[in-house]
Structures are given as structure tokens and as C-alpha cells.
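**Student:**
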Amino acid sequence: MKIPIFDNHMHLRPDGKGINAVKEFESEGGTHLNNVSLPSWNYGVDPRQTGYEPAYRKTIQLTEKANKETDVQVYTILGVHPAELTKWMGSGMTLQEAGEMMKKGITLARRYVEENKAIAIGEVGRPHYKVDREIMEKSNEIMKHAFHEAETAGCPVQLHTESMNQKKTMELTDLIKQTNLPQNKVVQHFANPDLKQNKITPSIVAFKDNLKKALKNKQNFMMETDYIDDPERPGAVLGPKTIPKRTRWLIEQNHTTKQKLTQIHKDTPEKTYNIQIQQ
Numbered sequence: 002m003k004i005p006i007f008d009n010h011m012h013l014r015p016d017g018k019g020i021n022a023v024k025e026f027e028s029e030g031g032t033h034l035n036n037v038s039l040p041s042w043n044y045g046v047d048p049r050q051t052g053y054e055p056a057y058r059k060t061i062q063l064t065e066k067a068n069k070e071t072d073v074q075v076y077t078i079l080g081v082h083p084a085e086l087t088k089w090m091g092s093g094m095t096l097q098e099a100g101e102m103m104k105k106g107i108t109l110a111r112r113y114v115e116e117n118k119a120i121a122i123g124e125v126g127r128p129h130y131k132v133d134r135e136i137m138e139k140s141n142e143i144m145k146h147a148f149h150e151a152e153t154a155g156c157p158v159q160l161h162t163e164s165m166n167q168k169k170t171m172e173l174t175d176l177i178k179q180t181n182l183p184q185n186k187v188v189q190h191f192a193n194p195d196l197k198q199n200k201i202t203p204s205i206v207a208f209k210d211n212l213k214k215a216l217k218n219k220q221n222f223m224m225e226t227d228y229i230d231d232p233e234r235p236g237a238v239l240g241p242k243t244i245p246k247r248t249r250w251l252i253e254q255n256h257t258t259k260q261k262l263t264q265i266h267k268d269t270p271e272k273t274y275n276i277q278i279q280q
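FYI, my numbering numbers position 20 of the sequence shown as 21, with every residue one higher than the one before it.
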């Protein structure tokens, strides 16, 4: 039984390895991955001048190039990273101005989904670092805007948040319930493998201990490297070859079954993203 290998959250940069990262993933048996847009400045884009379209175009171009030059099926996920809020406030924008700019970027991402150029909105959400209450409240407002746009497009949302505990997960669930977006269409990127996520779909960074904990937790989940393709941080967070290698390791060490791995790499991504993954 051949198992597809899916990396749920990877980044590709024009000034990084780019398509060569996809080729590395493929060389170890990787078959499918999500190319998630980075903060705008990673593409040399200033959204105060141009909006987010130039950054999105560069993300899409990398996906198209990878699909043309490899046998990996690469999907695009577009959104406005929550760190954009403090970034542009630090450059002179007001909280309101930065928030509205980000909402417009998320609405644009929704349009790309409707044009079948992306399969989800993300990564959006809340800063992972400590911020003032007004920043957190504005981030929640922007996140709810993303939920509404995803509901309109009929697509999922990939979330970037601070480290989560059970209380924060329940609060997040309450925010989702204020919209009509199904909870399983919300993907928690960099999820805590110990947490019960209710109906939110966890995406687990593929450290060995994380995977063992997630399997013990007996929830459906996806795997990710969160590879950031940064020339100054090679291999961070995990390298492109990691998930194929971890998948083999899980089988070789009898940590799980091929049936469970098929659920991780095929069934859960298909249900979450409305895609078809060939084995």
C-alpha cells in the first residue's frame, strides 16, 4: 500500500531554495504540500503602497513553477500574517489603518480562492509574541473577518496563534461559533500535540516527540514542517525532507499503522481542503 506524503505548511521564497526545496521533499518520497504565503516583506513588498497582491502573485508563481518542474502536487494558501499588524504600526500606521489594510488583504485572498488559485486563507490569526490588549482585540477582529471570508468562499482557514492551552482553545472555538464557518475548516498551524482541539483540525510540526504525543491523543491531524526557506536560517523550522523521513520512521518503529498514516496524509487533507490526493 503506497502512502501519499503531505506537508500541510511549508513556505517558499524567491530568494531561498524555492523550487529546490520542493525537489528535496520529492527526493525523499514527498507527494503533496501547501505553499503558504509569508509576511509581505519576505517578498520585498510594502502593502502600504501596493496592497498584498504582489506578494500573493509571487507565492502563486512559485507554486506554478513547482507544479511544472516536479511531480509534487503543490497547493497555494494565501493570507495576511498576524505579525503585519505590529510591523506596520511600528512604521507609523494607526491600529485602525493597519487593521483595515490587513482585512483588504484577506478579502483579496478570498477572491484568489474563488478563482481556484488558492485552496485556503492563511496563515492568519494572532501574534505568537506578547502584545497589548488592543492589539489582541484587533487581531481577533481580523481573524473573524478571515472566518467570514472563508465561509463566503467555502474554504478553510489556517491559523497562526500564540501558544495555546485548553482555555484558549475553548475561547477560539467560541470565536469560530460566532460565524458560520465549520470548526473542522479551521486548521491550527503549529498545534500543541497534547491538546484536545474540539473540532478544530490540528497541524503538528513533525518533531518526533510531537508526533508520538499527537498519535497518543487519538485525534485526526496533519503534519507540517513550517519550513520558512530563509537563507539566514537554513532548515528552520524543519527541513523539506523531514515529513517523508518521519513517516518512514513512524512505520519502522511501529509507532502507528499505514492506515493511520493514510488518514494523516490523505483523508484529513481531502476533507479539510476539498482536494483529491492520489495514492
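Idealized CB from N, CA, C, for every residue including glycine.
Just so we're clear, the structure is a prediction, and the values are computed from it rather than from any experiment.
(1) Note down, one range per segment and in chain order, each alpha helix (DSSP H) of at least 4 residues found wholly within the stretch 175-225.
(2) Quick one: any contact between the stretch 233-245 and the stretch 22-40, if contact means 3 or more CB pairs under 8 Å?
(3) Taking the alpha carbon of I201 as the reference point, which residue from L176, L216 and K213 has its own alpha carbon closest?
(4) Which same chain residues, not among the five before or five after D16, have their C-beta less than 7 Å away from its C-beta?
(5) Grouping DSSP H, G and I as helix and E and B as strand, with all else coil, what is T257?
(6) I need the DSSP call for E124, collapsed to helix, strand or coil.
(7) Taking Cβ positions, are H129 and E163 nearer each other than 8 Å?
(8) Whose CA, out of A119, E152 and P245, lies closest to the CA of T226?
(9) So N296 packs on N35, CB below 8 Å; how close in whole Å?
(10) If we ignore side chains and look at the alpha-carbon of each, how far apart do T77 and R49 end up?
(11) Using three-state DSSP, classify M144 as helix, strand or coil.
(12) On the criterion of 16 or more Cβ atoms from any shown chain inside 10 Å, does S28 qualify as buried, or is it exposed?
(13) Have a look at E135 and T269 and give me their C-alpha separation to the nearest angstrom.
(14) When you compare only the Cα positions, how much space is there between K178 and G155?
(15) Report back the beta-carbon spacing between H82 and H161 to the nearest angstrom; my notes put them in contact at under 8 Å.
(16) What is the rounded straight-line gap between the Cα of A121 and the Cα of F148?
(17) I'd like to know whether the C-beta atoms of G30 and I6 end up nearer to each other than 8 Å.
(18) Taking all protein chains shown into account, do 16 or more other C-beta atoms lie within 10 angstroms of the C-beta of P157, making it buried, or fewer, making it exposed?
(19) Comparing C-alpha positions only, which one of T248, Q97 and P40 sits nearest to F208?
(20) Could you please give the first and the last residue of the uninterrupted alpha helix (DSSP H) stretch that includes L63?
(21) Return the residue from the list N221, D133 and G126 that minimises the CA-CA distance to S140.
(22) What does DSSP give as the partner residue(s) for H161 in the beta ladder?
(23) Which value, in whole angstroms, describes the spacing of the CA atoms of E124 and K3?
(24) Just checking my contact of T273 with V188 at CB under 8 Å: how many whole Å lie between their CB atoms?
(25) Going by alpha carbons, who is nearest to W89 out of A110, R58, Q167 and G52?
**Tutor:** By the coordinates alone:
(1) 209-218
(2) yes
(3) Numbered from 1 along the sequence shown, position 200 holds the residue referred to as residue 201. The candidate whose alpha carbon is nearest that of I201 is L176.
(4) Within the sequence shown, residue 16 is the residue found at index 15, counting from 1. Closer than 7 Å at Cβ, skipping near neighbours: P232.
(5) Your numbering for residue 257 matches position 256 in the sequence shown. In the structure shown, T257 sits in coil (DSSP, three-state: anything other than H, G, I, E or B).
(6) Your numbering for residue 124 matches position 123 in the sequence shown. It is a strand residue.
(7) For this step, residue 129 is matched to residue 128 along the sequence shown. For this step, residue 163 is matched to residue 162 along the sequence shown. In contact: H129 and E163 (Cβ atoms closer than 8 Å).
(8) Sequence index remark: in the sequence shown, residue 226 carries index 225 (1-based). T226 has its Cα closest to that of P245, out of A119, E152 and P245.
(9) Nothing in the structure corresponds to residue 296, since the chain is present only between 2 and 280.
(10) Translated into the one-based positions of the sequence shown, residue 77 becomes position 76. Translated into the one-based positions of the sequence shown, residue 49 becomes position 48. In a straight line, the C-alpha of T77 is about 23 Å away from that of R49.
(11) As a working note, residue 144 is residue 143 in the sequence shown. Looking at M144 - three-state DSSP - the assignment turns out to be helix.
(12) Position 27 of the sequence shown holds residue 28. So S28 ends up on the exposed side.
(13) For this step, residue 135 is matched to residue 134 along the sequence shown. For this step, residue 269 is matched to residue 268 along the sequence shown. Going by the C-alpha atoms only, they are around 35 Å apart.
(14) The residue you call residue 178 lines up with position 177 of the sequence shown. The residue you call residue 155 lines up with position 154 of the sequence shown. Their Cα atoms are separated by approximately 16 Å.
(15) The residue you call residue 82 lines up with position 81 of the sequence shown. The residue you call residue 161 lines up with position 160 of the sequence shown. Yes, H82 and H161 are in contact; Cβ-Cβ is about 7 Å, under 8 Å.
(16) As a first step, residue 121 is located in the sequence shown; it is residue number 120 there, counting from the start. As a first step, residue 148 is located in the sequence shown; it is residue number 147 there, counting from the start. Approximately 11 Å between the Cα atoms of the pair.
(17) For the purposes of this step, residue 30 is taken as the residue at position 29 of the sequence shown. For the purposes of this step, residue 6 is taken as the residue at position 5 of the sequence shown. It is a contact, given that the beta carbons lie within the stated cut-off.
(18) Mapped onto the sequence shown, residue 157 falls at position 156. It counts as buried.
(19) As a position in the sequence shown, residue 208 is number 207, starting the count at 1. Nearest C-alpha to F208: T248.
(20) Sequence index remark: in the sequence shown, residue 63 carries index 62 (1-based). It spans E54 to E70 - the alpha helix (DSSP H) in which L63 sits, taken as one unbroken run.
(21) For the purposes of this step, residue 140 is identified with residue 139 of the sequence shown, where counting begins at 1. Of the candidates N221, D133 and G126, the one whose C-alpha sits nearest the C-alpha of S140 is G126.
(22) Your numbering for residue 161 matches position 160 in the sequence shown. Answer is G126, bridged to H161.
(23) In the sequence shown, the residue the question calls residue 124 occupies position 123. In the sequence shown, the residue the question calls residue 3 occupies position 2. For E124 and K3, the distance between alpha carbons rounds to 30 Å.
(24) Here residue 273 refers to the residue found at position 272 when the sequence shown is read from its first residue. Here residue 188 refers to the residue found at position 187 when the sequence shown is read from its first residue. With a Cβ gap of about 6 Å, T273 and V188 count as contacting.
(25) Taking the sequence shown and counting its residues from 1, the one referred to as residue 89 is at position 88. Among A110, R58, Q167 and G52, the Cα nearest to that of W89 is on G52.
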